[in-house]
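Take a look at the structure set out below.
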Amino acid sequence: MSGWSFLLLAFATFSTGQFIKVRDISASYTDGPDQKFYGSCDFEKDACGWKDISKNGFRWRLEKANISSIPGQVMHVEGKDPGIFSKAVLEFSFPQHTALGCQINFWYHLHDPIGISSHFALSLDTNGPSVVLWEIKQGQTIGWVNTTVGIGNRPKGTKLLFSVDPTYIGTQDIMMDDITLMDCAEEDIPAGSEKLSCDFERNTCGWYLDQSANLTWERTKGQNPFDNQGPGHDQTTGSGYYMFVATKRNSNPSQTARLISYPQQAKCVSFWYHINGASIGSLRFISKNTNGTETVVWTRAGTQGNKWHFADLSFATNDSPVQFIFEAILGGTDGSIALDEVQVWSSVNGSCPPERECTFQSSLCGLEPDPAADFPWVRITGMQAAGSSSPSKDHTLGTDQGYYMSAQLWDRPSASQSRMATRFYEPNLESEECWMFWYHMRGRDVGMLNVYLHASQNRQITLWSRSGDQGERWRPGRATVISPLSPYQIIFEAVAGEGQVMDIAIDDLSVLNGRCPPHGLCDFEMDLCYWVSNALSVHSVDWTWTSGVSASTFAPQVDHTTNSKLGHYMAFDTKHNADEQIAYLQSELMQPVDQACLEFWYHMDMWNAIGKLTLIVYVNESGTLHSLWNQTGAQGRVWHKITLDYGASEQYQLVFEAKRPPRDDGVIALDDLFFRERLCDWVQESEHGFSWTHQQGLQVDTCNKGLLYDHTIGNKHGFYLALNMSGDKDFETAVLSVPVNIQASTMCVQFWYFMLGPSVAKLDLVVKMQTTESVVWTRSGTEAAEWLKAQVTVSLVDTQRMKFTGSRNAKSNGFIALDDVSVTPGACEDHSPCGFESSSLCGFDQDISDNTHWLRVNGSAGHVDHTYRTQMGHSMAVLGKELLKTETAHLLTPAYSKTTESCLQFWYWLSAGSGDSLSVHVYLNGELGPALWSRSGAPSTGWEVAEVTVSSPATFRVTFKAKLSPDQESFILLDDVSVRNGACLPTGSCDFESGLCTWVNSDLDDHDWVHADGHAGGPLTDHTTHTTDGRFMLSQSQMTNPDNNSTAILISEQVRHTSDSCLSFWYNMNYSNSGILRVFLEMENTHRRLVFKTSAAVMSWSNYSTTLNETKPYKIVLDAESGNGGFIAVDDITVTKGQCKGTAHFS
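Under the UniProt record's numbering, the residue at position 199 of the sequence shown is numbered 199, and the numbers go up by one with no gaps.
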């Protein structure tokens, strides 16, 4: 600061009343740490710019102290003969602005022989109403007293005023001396300003109130500081201090309060915040560099519930110091913002602890690129991304100045990967965490975003995944993380698609204790689950995220989830005024759904006689609101449950509208919102104490009682319906039914099912008509250990109810599960695989040059199809009874793109003579190629599966060629045709990692081989991957009578080799009484030849290989005869051409 000087003319009076002119004094102020800020004064020479502006004789005077121990001069007020409006006022006007840490220190002495209290005050005047900074009301002091008062950053011309009110009785003596203005220059650094870690229990530490703002933070404590607002308690002790701002009756929503530090080199910041209220603004954390540029690093807007939340931030290493600012913007008319337990520190070993809440505004939050990835993620702003496919705004700030992480896929080759990972976290032994983030996926063929859990020394596990265009908006994602045994990290992976204008971005990572709520469920305990309170009209107010702790007159005293005052819910809490009030609570944007169920609990209380508050539920499609349900008036001080069926033909939101007419009072509350893609009105019709249960993987302790994961979200937190098939009686059934109220001629029932166990009886889909019931779809026995999709087209003529029926008997063992059931009007349209259930035949064509054609037939012809396995299902057939002579019929698939290798799978049933056949050919350029697969000779005993690898240099079709002679009983059936990329496995080979390949359990055995892993009670690991998650086939002891052992039979598809072949497999038997494993070759469905037999316990995986010299078609049969304990397991079966190499047997 440049030196400046001035001329002072001061007058002093003595008690005699005579004025003595004080000589002119030239004072100057120059920069430097030893210089005092102008206004400091010891009053020995003059008043140093302090002026008495009193109106009469009751005034300040510069006098010699009349105390022997104080020989110098002081400012003095003597209370003789004051007037009725007397006030002694001493004023000083700042000739320059003051700094944040500016404060005044002074000494004062009060004396009144009668003991009447004097009112002595220090005020501040900024050309408006004066503000009292300090005051005391006291008769006299014991000697001189020293005090310090904060002034803060004030503009030039601000006036300090020391005032004394007269007592009118007795004689007042008030003296003041040694005024010192400290840390008032911009260059001054206050002592203790580096102490930014603060719990606010004693003071504000190194944080300073910004006096230039139009609102100031208050340091307060206790329950609800005023107007029933605030946290009610601090975060540190539960009864201590915190910083606080709140709306008042006359508050302006634009008012802003700032808490500012002095420049620091700190890198790590954490704090607790509380933002609550029906109409409240935002809290922002801002960094300010040396050139004055401010950057919003973190922000939260709107109510965050009546609870304290934790935030932590890290900053890139910077040689220049940075100021930190907490800025609270009221933004509304009802609510409060609080701050507590701020921690600021330098990094440890060069970095901060991994952040639990990350906005990317100032750093990567400890995320590090994976060096093995093809390209890195990039931290950018919307402004930097201008002209690209990246988001134009971040999610945190919603502006082009906010930072986020971008994969920048527009510049990446297809299938290339970008990966970044957190540091390793310590195991969370007894708890789970919910990782939440926002993602943006834009562009056709954009690719895929994956989130993995990688525990040290274990393979990564997929927690969450999305693919395809998600629109021009930020969307929420969340995943539950549990790693009970080893340190772990989270990996974010972007995989580039084939699009040209595309990108994937993520923002706002946060971690909360506890598991994430299941998809579609919100209990409001953790957060709002992406429900948003939005203003859709001029009368809109906000829904409040609150709890019974701060409940008003009509609000619920407990929530519905926890039935306690601490539990949270959403509330429309009206304020009494003359205006109408409306609040809208909206879900995130969701994908179209034909049939869905919304379930929620509501509470409505108000003045019974006159209250007319209304709650309405809508489906919002493209701005058009379709009403689902409404309720008006008081419904008692209890929670009520509602379930609503709905559908949406396009992207939609669910909307809750709460409305209050003018001058009414009351509260509407919502809790436990749950929506799912199925009908609401499913009911149990159990008659035997055997029923479907709604369960999670969390509740499962053994694999035979249920699944560890659902289909919807694919983890143990997801729900599904399950049947425990272990029974002790025959003919038990569990029935789940729903009324059918669809106005159409047909409906499509789609669902996912899981059937696993050594003796799973049956699952049926049944339709009930007015007088009869029909099974339209059925499955029995175990299936592959995965969720399988089923879709069934049902005629609605006379249909009243639809049922899922599970059956079991005394020997049943295992479970059946159902998930993601949907019912939609019209026939099913997904034809992969093609089950010929639609008359369109999935695009299959007949060869018009044939004399006879394939026919679409149903099961009423005497042979059920493979898709539905009932009389209702369809398949393609060539029937001998329709022929007069031997005929050939060709059925052509739709056209397929050129392929190096694709695998065609189909199911067939051949019941014909030795000269009849079914073969598969590639049809290319009008020419039929050679047979790639054929079957003739011995008829099949039922539906059998086959796979064949096809290839073509150009677009092609596949032809099924049937040759059949006339016969009343002969036929060829075809069903469930599908094509997948890649070559088929060699016939009969399977590692069982992705299913059973073409192996099937026999319908004629006593129990089934089970598709198992290391958790199923057999070997602890498979042979293929040597892990507990690896798959194999398992036959366990059924604990039957020793004289009546149980047999499990697994059969391969038919193998055709014209020369030697090598059969190899691995087996595991843990006890000597595990039973007997036999391997047969079966020819012509009747003759079996034994090639292997063992009953020896091997206690580990052992290999058997044998060279087969069969030239006729055969099937491989695994026959496990169980003993009274232990297990038999088989894995990695291979059938390859040529003799076995090394040690092998010959058969």
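Note that beta-carbon positions come from the ideal geometry of N, C-alpha and C, so glycine has one too. Note that the structure is a prediction, hence the values are computed from the model and not measured.
Select from the options the residue whose C-alpha is nearest the C-alpha of residue i.
i	options	result
Ser919	Asn925, Leu904, Met175	Leu904
Ala479	Gly468, Cys516, Ile491	Cys516
Ser93	Gly39, Leu670, Ser54	Gly39
Leu615	Lys659, Cys680, Thr987	Lys659
Ala785	Val740, Ala583, Arg1031	Arg1031
Gly101	Asp183, Lys137, Gly157, Lys87	Asp183
Met872	Leu879, Gly880, His863, Val878	His863
Ser934	Val738, Phe956, Ser951, Phe960	Phe960
Phe315	Ser282, Val1098, Pro427, Cys365	Cys365
Asn146	Pro166, Asp178, Val164	Asp178
His1026	Val1010, Asp1006, Leu910, Asp991	Asp991
Leu879	Trp854, Ser860, Ser902, Ala895	Trp854
Thr1018	Gly826, Ser1100, Lys716, Asn291	The sequence shown places Gly at residue 1018, rather than the Thr named in the question. Looking at the Cα atoms, Ser1100 is the closest of the given residues.
So, helix, strand or coil for residue i, using DSSP?
i	result
Ile1128	strand
Lys267	coil
Gln35	Because Gln35 carries a pLDDT of 40, less than 50, the predicted location of this residue cannot be relied on, and the following value inherits that uncertainty. If DSSP states are grouped into helix, strand and coil, Gln35 belongs with coil.
Glu1084	coil
Glu993	coil
Trp377	coil
Gly477	strand
Cys834	strand
Cys358	strand
Ser486	coil
Asp173	strand
Asn1041	Any reading at Asn1041 needs caution, since the residue's pLDDT is 49, under 50, leaving its predicted position unreliable; the model's value is listed next. Coil, per DSSP.
Gly697	helix
Cys48	coil
Cys842	helix
Leu708	coil
Ser860	helix
Ser15	Low per-residue confidence applies at Ser15: pLDDT is 32, beneath 50, and the placement is therefore not dependable enough to give any value.
Gly880	helix
Leu367	coil
Trp777	strand
For the beta strand (DSSP E) that residue i lies in, which residues bound it at each end?
i	result
Ala648	640-648
Lys885	Element bounds for Lys885: n/a, residue is neither H nor E.
Arg808	799-808
Asp1006	Neither: Asp1006 is in no beta strand (DSSP E) and is coded neither H nor E.
Val131	131-138
His1015	Note, His1015: premise wrong, no beta strand (DSSP E); not H, not E.
Gly146	This sequence places Asn at residue 146; Gly is not what is there. That run of the beta strand (DSSP E) goes 145-150.
Ala311	309-314
Met1069	1061-1069
residue 1163	This structure leaves residue 1163 out entirely; the chain is present only between 1 and 1147.
Please list, in chain order, all residues of the same chain as residue i whose beta carbon is under 8 angstroms from its beta carbon, the five residues on each side excluded.
i	result
Leu1081	Arg1088, Arg1089, Val1091, Leu1108, Glu1110, Tyr1114, Lys1115, Ile1116, Val1117, Ser1147
Quick one: what's got a C-beta closer than 7 angstroms to residue i's C-beta in the same chain, skipping five residues either side?
i	result
Gly32	Low per-residue confidence applies at Gly32: pLDDT is 37, beneath 50, and the placement is therefore not dependable enough to give any value.
residue 1149	Lying before the first or after the last residue shown, residue 1149 is absent from the chain, which here runs from 1 to 1147.
Tyr138	Note that residue 138 corresponds to Gln in the displayed sequence, not to Tyr. Excluding positions up to five away in sequence, the list reads Leu110, Ser117, Ser118.
Ser875	Phe836, Val857, Asp865, His866, Leu973, Leu974, Asp975
Cys1140	Cys1062, Ser1064, Ser1105, Thr1106, Thr1107
Leu453	Gln460, Ile461, Leu463, Val481, Ser483, Tyr488, Ile490
If you drop the 5 nearest sequence neighbours on each side, which residues of the same chain put their C-beta closer than 6 angstroms to that of residue i?
i	result
Met175	Val74, His76, His109
Thr888	Lys963
Val446	Asp469, Gly497, Gly499, Met502
Asp1013	Asp1029, Arg1031
His603	Pro556, Trp639, Ala669
Gln323	Ser261, Pro263, Lys288
Output the residue ranges of the beta strand (DSSP E) runs that lie fully inside the region 925-956 and measure 3 residues or longer, sorted by chain position.
Runs of the beta strand (DSSP E) spanning 3 or more residues and lying entirely within the region 925-956 occur at 933-936, 944-952, in chain order.
Entirely within the region 541-628 and at least 3 residues each: give me those beta strand (DSSP E) ranges in chain order.
Runs of the beta strand (DSSP E) inside the region 541-628: 544-547, 568-573, 581-586, 593-606, 614-621.
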